[in-house]
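2 protein chains.
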Amino acid sequence: MALKKKTTQSSPRKPLSRERVLKAALALVDKDGIESLSMRNLAAKLSVEAMSLYKHVANKDAVLDGLVELILREMEIPPVGTPWREAMRRRAWSVRHTILRHPWASVLIESRLAPGEARLSYADTVLSILKNAGFATEVQYRAFQMLDSYVYGYVLQEVNWPTKESDRKMLVVRLKEFLHDGRYPNLMKVIEQASWLKLAPGEKPYDADFEFGLQLILDGLERLLPR
Amino acid sequence: MALKKKTTQSSPRKPLSRERVLKAALALVDKDGIESLSMRNLAAKLSVEAMSLYKHVANKDAVLDGLVELILREMEIPPVGTPWREAMRRRAWSVRHTILRHPWASVLIESRLAPGEARLSYADTVLSILKNAGFATEVQYRAFQMLDSYVYGYVLQEVNWPTKESDRKMLVVRLKEFLHDGRYPNLMKVIEQASWLKLAPGEKPYDADFEFGLQLILDGLERLLPR
DNA sequence: CGCTTAAGCTTACGGTGTAAGCCTGTAAAG
DNA sequence: CTTTACAGGCTTACACCGTAAGCTTAAGCG
Numbered sequence: 001m002a003l004k005k006k007t008t009q010s011s012p013r014k015p016l017s018r019e020r021v022l023k024a025a026l027a028l029v030d031k032d033g034i035e036s037l038s039m040r041n042l043a044a045k046l047s048v049e050a051m052s053l054y055k056h057v058a059n060k061d062a063v064l065d066g067l068v069e070l071i072l073r074e075m076e077i078p079p080v081g082t083p084w085r086e087a088m089r090r091r092a093w094s095v096r097h098t099i100l101r102h103p104w105a106s107v108l109i110e111s112r113l114a115p116g117e118a119r120l121s122y123a124d125t126v127l128s129i130l131k132n133a134g135f136a137t138e139v140q141y142r143a144f145q146m147l148d149s150y151v152y153g154y155v156l157q158e159v160n161w162p163t164k165e166s167d168r169k170m171l172v173v174r175l176k177e178f179l180h181d182g183r184y185p186n187l188m189k190v191i192e193q194a195s196w197l198k199l200a201p202g203e204k205p206y207d208a209d210f211e212f213g214l215q216l217i218l219d220g221l222e223r224l225l226p227r
Numbered sequence: 001m002a003l004k005k006k007t008t009q010s011s012p013r014k015p016l017s018r019e020r021v022l023k024a025a026l027a028l029v030d031k032d033g034i035e036s037l038s039m040r041n042l043a044a045k046l047s048v049e050a051m052s053l054y055k056h057v058a059n060k061d062a063v064l065d066g067l068v069e070l071i072l073r074e075m076e077i078p079p080v081g082t083p084w085r086e087a088m089r090r091r092a093w094s095v096r097h098t099i100l101r102h103p104w105a106s107v108l109i110e111s112r113l114a115p116g117e118a119r120l121s122y123a124d125t126v127l128s129i130l131k132n133a134g135f136a137t138e139v140q141y142r143a144f145q146m147l148d149s150y151v152y153g154y155v156l157q158e159v160n161w162p163t164k165e166s167d168r169k170m171l172v173v174r175l176k177e178f179l180h181d182g183r184y185p186n187l188m189k190v191i192e193q194a195s196w197l198k199l200a201p202g203e204k205p206y207d208a209d210f211e212f213g214l215q216l217i218l219d220g221l222e223r224l225l226p227r
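Protein chains in written order, with this note's numbering: chain U, 1 to 227; chain R, 1 to 227.
Following this line, the structure appears as structure tokens:
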């Protein structure tokens, strides 16, 4: 019965580790939001005292760095052979989906530069795909940067938008009565026609708007290809 | 001598006010960074106790909202008659410069939706300019959103990049020795040729890269104009 | 003058990150 | 087998945070 010797069997007590700490942090933050991540809370989740965490993690900032690293690893890096347009598109959607799965991560990721292995390796892969596609060296860098800017910028806003259809309709109603006297008529008209108010069946709210900008950028990049 | 009556003349003691609190907060944050903004710190800056602030401001979150509002007001809104390309470009650069002037603001602005009068009025103006330019209604919304995504996304990264030339060179050196064994060759090559390493006299570091993406987007939008 | 009331102050509470040091079970060394 | 070292947990403590509750003072007004 006893795996090794005694283990007192009262409680399994798996030993702590950086890995386990970060996993628990991720679970905690996904469930209760980033503002509920405190060293004491996190420790409690692991049935341990706060200061014990410091044996496996330098400080809270290191926990945040670890979280970012976990999230970055969730993002798909298309294999090197992939045609550049498809590769860029898949990457963009993967970033977006990953962040929407962990909305708290949006601010975190960009606020700490922390290159980190994941980011470097990602950058190198993307650049190699662009190079193979025939882009000039300085265009590779800029295309990479530009796509990331757009994607992160878009998603950063998106995480604050209403996800439930009822909330979306309510927002329009409230805006309408706020602007009852015809202030901001352009804004009003545009909102009424916003694509996220009339979704095709099965369509998710802000997908189309995201894709629009993405394709516009990819089109623009394609024109920069020699010939 | 006495302006009104007594004033005890020992200390002028201008009365507190929401306005004064926010101005002081802005000054504090610009000087010592966002992490040094605490109610006690802020109060001290005004020669006052922390709890006194709450007579003019609901709570710390309201202070942050106020800061965002101040920053948004610093951004230029081109007048309605402006040709659309110039208007969009000026707006983009104004956003970028404003945020670079207050780097702490980048995270703050996007993290709190808080439409706020400034944002609404800005949106309406931009949309009207796009409408007058002849863009279809649903394109107006998307063009607006896309530009903002790109600009905020770009600047959000930029605030973390090295500003001093020496730091920039050092970064390349450190990266080089980190990748000594030829890992990530594409990354290495691209970095060596990055535009911010060979600046024309008077040129600021990341201007060209920003403009590149901006023009690419504007070009793409222009193609969407009927005819 | 006296009253009302707003503006500033004091105190206090429950939270935070983390420095310093203790305690104990396990594993290596003799 | 015994002794020792130490890793991995715990306890205590400190300085700071946002802010609730209530007190004090000063200004404005009849």
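Ideal placement from N, C-alpha and C gives every residue a C-beta, glycine not left out.
>> Can you find the residues in the same chain that come closer than 7 Å, C-beta to C-beta, to R227(U), ignoring five residues on each side of it along the sequence?
In response: Here residue 227(U) refers to the residue found at position 227 when the first sequence is read from its first residue. Same-chain partners within the cutoff: there are none.
>> Could you compute how far the alpha carbon of A50(U) sits from the alpha carbon of R223(R)?
In response: For the purposes of this step, residue 50(U) is taken as residue 50 along the first sequence, with counting starting at 1. For the purposes of this step, residue 223(R) is taken as residue 223 along the second sequence, with counting starting at 1. For A50(U) and R223(R), the distance between alpha carbons rounds to 58 Å.
> For A24(R) versus L46(R), is the C-beta distance shorter than 7 Å?
Replying inline: Here the question's residue 24(R) lines up with position 24 in the second sequence. Here the question's residue 46(R) lines up with position 46 in the second sequence. Yes, they are a contact pair.
>> On the DSSP letters alone, give me the boundaries of the alpha helix (DSSP H) that A200(U) sits inside.
In response: In the first sequence, the residue the question calls residue 200(U) occupies position 200. Per DSSP, A200(U) belongs to no alpha helix (DSSP H) and is neither H nor E.
> Is DSSP giving T130(U) helix, strand or coil here?
Replying inline: Locating residue 130(U) in the first sequence gives position 130, counting from the first residue. Thr is not the amino acid found at residue 130(U); the sequence shown has Leu there. Here L130(U) sits in helix by DSSP.
> Can you find a CB in chain R that lies within less than 7 Å of the CB of S11(U)?
Replying inline: Taking the first residue of the first sequence as position 1, residue 11(U) is located at position 11. Bear in mind that a pLDDT of 45 at S11(U), under 50, signals an unreliable position, so the model cannot answer this.
> What's the C-alpha gap between L3(R) and L216(R)?
Replying inline: As a position in the second sequence, residue 3(R) is number 3, starting the count at 1. As a position in the second sequence, residue 216(R) is number 216, starting the count at 1. The predicted model places L3(R) with a pLDDT of 34, which falls under 50 and marks its position as unreliable; any figure quoted below should be read in that light. Taking the straight line from one Cα to the other gives about 60 Å.
>> Taking only three categories from DSSP, how would you classify Q193(R)?
In response: For the purposes of this step, residue 193(R) is taken as residue 193 along the second sequence, with counting starting at 1. Three-state DSSP puts Q193(R) in coil, outside helix and strand.
> Where does Y154(R) sit, in a helix, a strand or coil, going by DSSP?
Replying inline: Counted from its first residue, the second sequence places residue 154(R) at position 154. The answer is helix: DSSP assigns Y154(R) an H, G or I state.
> What is the rounded straight-line gap between the Cα of D167(U) and the Cα of A194(U)?
Replying inline: One-based indexing of the first sequence puts residue 167(U) at position 167. One-based indexing of the first sequence puts residue 194(U) at position 194. Looking at the two C-alpha atoms, the distance is approximately 15 Å.
>> Would you say D124(R) lies against chain U (beta-carbon separation less than 7 Å)?
In response: Looking up residue 124(R) in the second sequence gives position 124. Chain U, which has a Cβ nearer than 7 Å to the Cβ of D124(R), makes this yes.
>> Tell me the rounded alpha-carbon separation between G33(U) and P205(U).
In response: Against the first sequence, residue 33(U) aligns to sequence position 33. Against the first sequence, residue 205(U) aligns to sequence position 205. Rounded to the nearest angstrom, the two C-alpha atoms are 23 Å apart.
> Name the chain R residues whose beta carbon is nearer than 7 Å to that of V252(U)?
Replying inline: There is no way to answer for residue 252(U), as the model of chain U reaches only from 1 to 227.
> For the segment 96 to 118 of chain U, which residues have a CB atom closer than 7 Å to at least one CB atom of chain R, in sequence order?
Replying inline: V107, E110, S111 and L113
>> Considering Cα atoms alone, identify which of D61(U), A58(U), V172(U) and H97(U) is closest to K198(U).
In response: The residue you call residue 198(U) lines up with position 198 of the first sequence. Closest option to K198(U), Cα to Cα, is V172(U).
> Below 8 Å, can you find three or more Cβ-Cβ pairs linking the segment 145 to 159 of chain U to the segment 151 to 171 of chain R?
Replying inline: yes
> Is it true that the segment 131 to 141 of chain U meets the segment 94 to 103 of chain U, where meeting means three or more beta-carbon pairs spaced less than 8 Å apart?
Replying inline: no
> What is the DSSP secondary structure of D181(U), counted as helix, strand or coil?
Replying inline: For this step, residue 181(U) is matched to residue 181 along the first sequence. If DSSP states are grouped into helix, strand and coil, D181(U) belongs with coil.
> In chain R, what lies closer than 9 Å to I217(U) by C-beta?
Replying inline: As a first step, residue 217(U) must be located in the first sequence, where it is residue number 217. Within 9 Å Cβ-Cβ: M146, Y150, G213, L216, I217 and G220.
> How about V80(U) and S111(U): are their beta carbons less than 7 Å apart?
Replying inline: Walking along the first sequence from the start, residue 80(U) turns up at place 80. Walking along the first sequence from the start, residue 111(U) turns up at place 111. No. Outside cutoff.
> In or out: E158(R) buried (at least 16 other Cβ within 10 Å) or exposed?
Replying inline: The count along the second sequence starts at 1 and reaches residue 158(R) at position 158. Counting Cβ neighbours within 10 Å, E158(R) comes out buried, since at least 16 surround it.
> Looking at chain U, which residues of the segment 18 to 41 of chain R have a Cβ within less than 7 Å of any of its Cβ atoms?
Replying inline: none
> On the premise that V63(U) lies in contact with V57(U), defined as a C-beta separation below 8 Å, what is that separation, rounded to the nearest angstrom?
Replying inline: For the purposes of this step, residue 57(U) is taken as residue 57 along the first sequence, with counting starting at 1. For the purposes of this step, residue 63(U) is taken as residue 63 along the first sequence, with counting starting at 1. Right, their Cβ atoms sit about 6 Å apart.
> Tell me which same chain residues have a C-beta within less than 6 Å of the C-beta of L225(U), skipping the five on either side of it?
Replying inline: Looking up residue 225(U) in the first sequence gives position 225. Closer than 6 Å at Cβ, skipping near neighbours: G134.
> In terms of alpha-carbon separation, which member of W104(R), L187(R), M75(R) and S52(R) lies closest to A27(R)?
Replying inline: In the second sequence, counting from the first residue as 1, residue 27(R) sits at position 27. When only C-alpha atoms are compared, the closest one is W104(R).
> So, helix, strand or coil for S228(U), using DSSP?
Replying inline: Look at the range of chain U in this structure, 1 to 227, and you will see that residue 228(U) is not part of it.
> How many angstroms separate the CA atom of A123(U) from the CA atom of A143(U)?
Replying inline: What you label residue 123(U) is simply residue 123 of the first sequence in a count that begins at 1. What you label residue 143(U) is simply residue 143 of the first sequence in a count that begins at 1. In a straight line, the C-alpha of A123(U) is about 11 Å away from that of A143(U).
> So what does DSSP say about V57(U), is it helix, strand or coil?
Replying inline: What you label residue 57(U) is simply residue 57 of the first sequence in a count that begins at 1. Here V57(U) sits in coil by DSSP.
>> Cβ closer than 7 Å: which chain U residues qualify as neighbours of L225(R)?
In response: Sequence index remark: in the second sequence, residue 225(R) carries index 225 (1-based). Per Cβ cutoff of 7 Å: no residues; L225(R) is ~13 Å from chain U at best.
> From this set, A208(U), M75(U) and N186(U), which residue's C-alpha is nearest M146(R)'s C-alpha?
Replying inline: Here residue 146(R) corresponds to residue number 146 of the second sequence, with the count starting at 1. Ranking A208(U), M75(U) and N186(U) by Cα distance to M146(R) puts A208(U) first.
> What are the start and end residues of the alpha helix (DSSP H) that includes W161(U)?
Replying inline: As a working mapping, residue 161(U) is identified with position 161 in the first sequence. Run containing W161(U): none; DSSP gives neither H nor E here.
> According to the neighbour-count rule (16 or more other Cβ atoms, all chains shown, within 10 Å of its Cβ), is F178(U) buried or exposed?
Replying inline: Along the first sequence, one-based indexing puts residue 178(U) at 178. By the 10 Å Cβ count, F178(U) comes out exposed.
> With respect to the alpha helix (DSSP H) encompassing R91(U), which residues constitute its N-terminal and C-terminal limits?
Replying inline: In the first sequence, the residue the question calls residue 91(U) occupies position 91. From DSSP, the alpha helix (DSSP H) with R91(U) extends over W84 to R101.
>> Between which two residues does the alpha helix (DSSP H) holding L22(U) run?
In response: Here residue 22(U) refers to the residue found at position 22 when the first sequence is read from its first residue. From DSSP, the alpha helix (DSSP H) with L22(U) extends over R18 to D32.
> Residues of chain U with CB under 7 Å from L187(R), in chain order?
Replying inline: Counting from one through the second sequence, the residue named residue 187(R) turns up at place 187. What L187(R) touches in chain U: L120, A123, D124 and L127.
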